[in-house]
Structures are given as C-alpha cells and as structure tokens.
Amino acid sequence: QVQLAESGGRLVQTGASLRLSCAASGRTSTNLRLAWFRQATGKEREFVARISWRGSSPRYADSVKDRFTISRDVASNTVYLYMTSLKPDDTADYYCAAAFGSDEWTYWGQGTRVTVSS
184 QVQLAESGGR LVQTGASLRL SCAASGRTST NLRLAWFRQA TGKEREFVAR ISWRGSSPRY
244 ADSVKDRFTI SRDVASNTVY LYMTSLKPDD TADYYCAAAF GSDEWTYWGQ GTRVTVSS
C-alpha cells in the first residue's frame, strides 16, 4: 500500500506561482510512478504530469507544458508540482496518484484545491 498526502493548494491571482507537495509513505520503491491529476468543477479528472520515482521521464499535459514542473525528493519521499503563470483555467482540485510499473494509477491522495482568481 502507498499513502499519498497532498498540500499547498490555495487561492492565488492570475499569473502567480504555486508549489504543491505530495508526501508518499508506505511501500515506496524505485518502480513507483507518481503523477498529478486535476479535476475542475463539473469536468472529468485530467492528467497533468507524471514522473518516475527515480525522477526520470517527466511527462506533461499540453495545457501545462512549459508552465508546470514535476520533481521529486527521494530523501523525503515527496513529489512536487511547481506551477507558474497560473490561469483561471488551472482552478481545480489537484490529486497525487501512484502506481507500480505499468499498472493503472492505483493509489490516490485526497486532493488539494487550487483557485486562480482573474
């Protein structure tokens, strides 16, 4: 089992930057993939970014590419999502997810809310 706990979401203005954190605990290992998803009110959950536990092969959704950066700190078992140039369209609940190997995203955090005011 893997437990995930997100933090860092808050109200910000358009153009601001914000860093979200996801603390992973439990059965973490080198083949654990981690990702960020988001879900806006009335919309389906969508992929934002993912990274391997070793910190390699980051991937991003086109909507956040060049604005968001995913990274991880192995020592603290924490994955970060650094968001810049935030827009009102980025307003959503942001969720951390984890999976081993090529499995579907199996473990989910409770989410942290980001609100970007115009």
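Count along the sequence shown starting at 1, add 183, and that's the number in this note's numbering.
Glycine included, C-beta positions come from ideal geometry on N, C-alpha and C.
Taking only three categories from DSSP, how would you classify residue i?
i      : result
Asp245 : coil
Asp272 : helix
Val262 : strand
Ser204 : strand
Thr224 : coil
Thr252 : strand
Ala218 : strand
Do residue j and residue i come within 8 Å of each other at the CB atom, strictly closer than that value?
i      : j      : result
Ala218 : Ala232 : yes
Ile234 : Val262 : yes
Would you mind reading off the limits of the beta strand (DSSP E) that contains residue i?
i      : result
Arg296 : Thr295 to Ser300
Ser235 : Glu229 to Ser235
Glu189 : Val185 to Ser190
Pop quiz: residue i and residue j are said to be a contact at Cβ under 8 Å. What is the actual Cβ separation, rounded to whole angstroms?
i      : j      : result
Val297 : Ala275 : 6 Å
Leu203 : Glu189 : 6 Å
Tyr277 : Arg216 : About 17 Å separates the two Cβ atoms, so there is no contact after all.
Margin query: Whether or not the segment 237-248 and the segment 194-211 are in contact is what I'm after, with contact meaning three or more pairs of Cβ atoms, one per stretch, closer than 8 Å; do they touch?
Written below: Short answer: they don't touch.
Notebook entry, point to check: Should the segment 249-257 be called in touch with the segment 191-199, which here means at least 3 C-beta pairs below 8 Å?
Noted result: no
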